Amino acid sequence: MLIDPQRCICCGECVALCPMNAIRLRPKDAASGRDAHAAIDRDECVECGVCFRSGVCPEAAIQEESLPWPRILRKAFSDPVFTHPGTDIPGRGTEEMKTNDVTGRFRAGMIGIGLEFGRPGVGTRLREAEAAIRRLLPLGVALEPNNPLTQLIADPATGALKSEVREEKVLSAIVEAIVPEEAFERVLAEVRAIAAAADTVISLGVIGKVAADGRVPAAEAMRRAGISPSLNGKVNVGLGRPAYRF
Ligand code: SF4
Ligand code: SF4
Numbered sequence: 008m009l010i011d012p013q014r015c016i017c018c019g020e021c022v023a024l025c026p027m028n029a030i031r032l033r034p035k036d037a038a039s040g041r042d043a044h045a046a047i048d049r050d051e052c053v054e055c056g057v058c059f060r061s062g063v064c065p066e067a068a069i070q071e072e073s074l075p076w077p078r079i080l081r082k083a084f085s086d087p088v089f090t091h092p093g094t095d096i097p098g099r100g101t102e103e104m105k106t107n108d109v110t111g112r113f114r115a116g117m118i119g120i121g122l123e124f125g126r127p128g129v130g131t132r133l134r135e136a137e138a139a140i141r142r143l144l145p146l147g148v149a150l151e152p153n154n155p156l157t158q159l160i161a162d163p164a165t166g167a168l169k170s171e172v173r174e175e176k177v178l179s180a181i182v183e184a185i186v187p188e189e190a191f192e193r194v195l196a197e198v199r200a201i202a203a204a205a206d207t208v209i210s211l212g213v214i215g216k217v218a219a220d221g222r223v224p225a226a227e228a229m230r231r232a233g234i235s236p237s238l239n240g241k242v243n244v245g246l247g248r249p250a251y252r253f
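Number 174 in the numbering used here belongs to position 167 of the sequence shown; there are no gaps in the numbering.
Printed below as a string of structure tokens:
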């Protein structure tokens with residue numbers, strides 16, 4: 008995203024709209040005679056498009072630009088109306104976990120995790136998610152192949168991302184994976200360590216099937232690990248036809 012300094016009248020209307028606080032007002036420069044204007048910190052801008060789409064600028068000074076690789080990743084992960092080329096859906100994840108009753112991605116004995124790095128106001132560098140992937144792979148997790156982060160991995164054995172994408176900043180990125188039930192508590196302990204080392208905020212979403220006897224093994228494991236899960240249930244009453252067979 009760019010601001011045309013020739014058009015900008017430095018009204019400041021766009022500043023509060025930026026979720027990354029990346030728009031700064033520059034005072035008039037007496038030495039060069041340059042008028043006061045707004046400028047975007049390109050390292051902090053995640054190309055979410057909010058400032059442009061809002062139409063707030065009275066002078067049409069905020070202008071979209073053609074984004075080269077790897078900067079286009081910022082938009083792919085941060086702009087909710089941009090269709091991600093890797094998943095064919097807007098946003099930074101794949102199908103929501105709550106559609107599992109149709110997709111059958113998480114079967115009995117398996118637990119799904121969605122580890123989200125960053126939030127509006129904070130953001131994250133892709134290297135934060137890479138560090139988590141590197142720590143989780145040795146525990147036997149299977150990464151979701153259609154997840155946009157998974158598709159940026161250069162070395163599937165270690166989880167190393169393509170080197171040129173690591174420093175790209177995005178609003179948030181989600182590591183999606185399937186964990187064998189017996190490895191779940193070790194994964195939870197590792198997630199705690201990942202969170203302690205991360206330079207951003209992290210949230211963990213977990214999905215597990217209800218067992219035939221009514222137990223929820225994923226929730227039990229979380230309680231043993233000292234985590235109080237907030238349970239949300241979903242029952243397929245037939246509106247979503249399962250697209251899988253056991
Ligand atoms: S595109 Fe988004 S992050 Fe970049 S300056 Fe505009 S509102 Fe801020
Ligand atoms: S809204 Fe437009 S004119 Fe006002 S500070 Fe932002 S870019 Fe400049």
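Note that beta-carbon positions come from the ideal geometry of N, C-alpha and C, so glycine has one too. Nothing here was measured: the structure is a model prediction, and the numbers come from that model.
Any heavy atom of ligand 1 inside 7 Å of the beta-carbon of residue i?
{"i": "Cys15", "result": "no"}
{"i": "Cys25", "result": "yes"}
{"i": "Ile79", "result": "no"}
{"i": "Glu175", "result": "no"}
{"i": "Cys18", "result": "no"}
{"i": "Ala83", "result": "no"}
{"i": "Ala204", "result": "no"}
{"i": "Ala29", "result": "yes"}
{"i": "Met8", "result": "yes"}
Please tell me whether residue i and residue j are closer than 8 Å, where the distance is taken between their beta carbons.
{"i": "Arg173", "j": "Arg134", "result": "yes"}
{"i": "Asp86", "j": "Cys55", "result": "yes"}
{"i": "Leu122", "j": "Val198", "result": "yes"}
{"i": "Glu151", "j": "Arg81", "result": "no"}
{"i": "Cys21", "j": "Cys52", "result": "no"}
{"i": "Ser210", "j": "Thr131", "result": "no"}
{"i": "Ala83", "j": "Pro155", "result": "yes"}
{"i": "Ala200", "j": "Val148", "result": "no"}
{"i": "Gly19", "j": "Leu9", "result": "no"}
Give a single yes or no on whether residue i has its beta carbon closer than 7 Å to a heavy atom of ligand 2.
{"i": "Val57", "result": "no"}
{"i": "Val63", "result": "yes"}
{"i": "Ala68", "result": "yes"}
{"i": "Ala45", "result": "yes"}
{"i": "Ile118", "result": "no"}
{"i": "Cys52", "result": "no"}
Kindly give me the distance between the Cβ atoms of residue i and residue j, rounded to whole angstroms, as I take these residues to be in contact under 8 Å.
{"i": "Pro236", "j": "Val213", "result": "7 Å"}
{"i": "Ile234", "j": "Val186", "result": "So it is not a contact: roughly 15 Å between Cβ atoms."}
{"i": "Ala167", "j": "Glu137", "result": "7 Å"}
{"i": "Ala225", "j": "Val182", "result": "With a Cβ gap of about 17 Å, Ala225 and Val182 do not count as contacting."}
{"i": "Glu171", "j": "Pro77", "result": "5 Å"}
{"i": "Pro249", "j": "Gly111", "result": "6 Å"}
{"i": "Ile118", "j": "Gly221", "result": "The Cβ separation is near 17 Å, so there is no contact."}
{"i": "Val7", "j": "Gly240", "result": "The structure shown does not extend to residue 7, since the chain is modelled only from 8 through 253, so no value can be given for it."}
Exercise. For the segment 12 to 23 against the segment 45 to 59, are there 3 or more C-beta pairs whose distance is under 8 Å?
Worked result: yes
Problem set entry | At least 3 beta-carbon pairs within less than 8 Å: the segment 66 to 77 vs the segment 192 to 210 | no
Exercise. How do the segment 123 to 132 and the segment 26 to 33 stand: do at least 3 beta-carbon pairs fall below 8 Å, yes or no?
Worked result: yes
Exercise. Fully enclosed by the segment 204 to 241, which alpha helix (DSSP H) runs are 4 residues long or longer?
Worked result: 224 to 231
Problem set entry | Ranges of the alpha helix (DSSP H) found wholly within the segment 100 to 188, counting only runs of at least 4 | 107 to 110 and 133 to 143
Problem set entry | Those runs of the alpha helix (DSSP H) which lie wholly inside the segment 64 to 88 and span at least 4 residues | 79 to 85
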